[in-house]
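Working notes, structure below.
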């Protein structure tokens, strides 16, 4: 097992040296950094109060550039503001599970 681990480590070291020699760099965005459509691909929106809207809240896969040219964009989740809680007639918050099902917020009084 030890020789296998050593072989994998040596292969990784060789691959990273080759990347550096050919100016290939990893695009690994920081959480909370601004979304850049030239380097990132938005895969989903994340409702969160932890990060400002339009910033990166999740990184799913890093990207790569060669010199300054994009090879593969980083796949990210972009933060959006959390939606306000729905309040019914008695001014009590509704159950999140009841409002998340399809058609739960439709006005059927007509």
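Residue numbers (our numbering): 32 to 141. Where is the CB? At the ideal position from N, CA and C, for every residue including glycine. Just so it is clear, the structure is predicted and the values come from calculations on it, not from any experiment.
How many Å lie between residue 97 and residue 55 at the Cα?
Working through the chain shown from its first residue, we reach residue 97 at position 66. Working through the chain shown from its first residue, we reach residue 55 at position 24. Straight-line Cα distance between these residues: approximately 4 angstroms.
Assigned secondary structure, residue 100 (DSSP; H/G/I helix, E/B strand, else coil)
If you number the chain shown from 1, residue 100 lands on position 69. Residue 100 falls in the strand class under three-state DSSP.
Could you spell out the range, first to last residue, of the beta strand (DSSP E) harbouring residue 106?
As a first step, residue 106 must be located in the chain shown, where it is residue number 75. Note, residue 106: beta strand (DSSP E), 105-111.
Express the C-alpha separation of residue 67 and residue 41 in angstroms, rounding to a whole number.
Looking up residue 41 in the chain shown gives position 10. Looking up residue 67 in the chain shown gives position 36. Roughly 34 angstroms separates the two Cα atoms.
What does a CB cutoff of less than 6 angstroms around residue 94 pick up in its chain, not counting 5 residues either side in sequence?
Locating residue 94 in the chain shown gives position 63, where the first residue counts as 1. Only 58, 103, 104, 105 meet the Cβ criterion.
By the three-class DSSP mapping on this structure, what secondary structure does residue 142 have?
As displayed, the chain neither begins before 32 nor continues past 141, which places residue 142 out of reach and without an answer.
Closest Cα partner of residue 65 within the set 51, 136, 88:
Residue 65 sits at position 34 when you count from the first residue of the chain shown. Taking only the C-alpha atoms, the option nearest residue 65 is 88.
In terms of residue numbering, what span does the beta strand (DSSP E) encompassing residue 32 cover?
Taking the chain shown and counting its residues from 1, the one referred to as residue 32 is at position 1. Counting along the chain, residue 32 falls outside any beta strand (DSSP E), and DSSP gives it neither H nor E.
Residues that residue 61 bridges to, as DSSP identifies them
Start at 1 with the first residue of the chain shown, and residue 61 comes out as number 30. Residue 61 is not bridged to any residue.
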